[in-house]
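Numbering (the working numbering), first residue to last: 13 to 112. Each residue gets a CB set at the ideal place from its N, CA and C atoms; glycine is no exception. All values derive from a computational prediction rather than experimental measurement. This report concerns only the one structure given below.
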């Protein structure tokens, strides 16, 4: 699966893609804590497969912190709480950087 085949996710969406997003965000949160690094998100994620306002806020926090933590070589990702291609790529980058 590539970034271009991942769905755009936003508030009001639900289902398996949202559950996958929740798993990624939760992993980023816990890996940050376990490694003594500041996490790219500060809230634990509730697994309910619903892209609600809380999910939107956590995604926006991730986007903002990703821009501050990994400014190069990627251009800034838009901080809008929507998971599009740039944010999917950033999530993958963050998982890779936090686990290896």
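Nearest by alpha-carbon distance to residue i: which of the options is it?
| i | options | result |
| --- | --- | --- |
| residue 53 | 42, 59, 90 and 100 | 42 |
| residue 25 | 88, 78, 69 and 61 | 61 |
| residue 69 | 99, 93 and 39 | 93 |
| residue 17 | 102, 108, 97 and 104 | 97 |
| residue 82 | 67, 104 and 95 | 104 |
| residue 67 | 30, 90 and 106 | 30 |
| residue 64 | 87, 89, 34 and 80 | 34 |
| residue 39 | 88, 80 and 56 | 56 |
Quick one: give me the first and last residue of the alpha helix (DSSP H) that residue i is part of.
| i | result |
| --- | --- |
| residue 70 | 65 to 81 |
Who does residue i pair with in a DSSP beta bridge?
| i | result |
| --- | --- |
| residue 95 | 21 |
| residue 26 | 62 |
Can you give me the C-alpha to C-alpha distance between residue i and residue j, rounded to a whole angstrom?
| i | j | result |
| --- | --- | --- |
| residue 59 | residue 21 | 15 Å |
| residue 72 | residue 101 | 15 Å |
| residue 75 | residue 108 | 16 Å |
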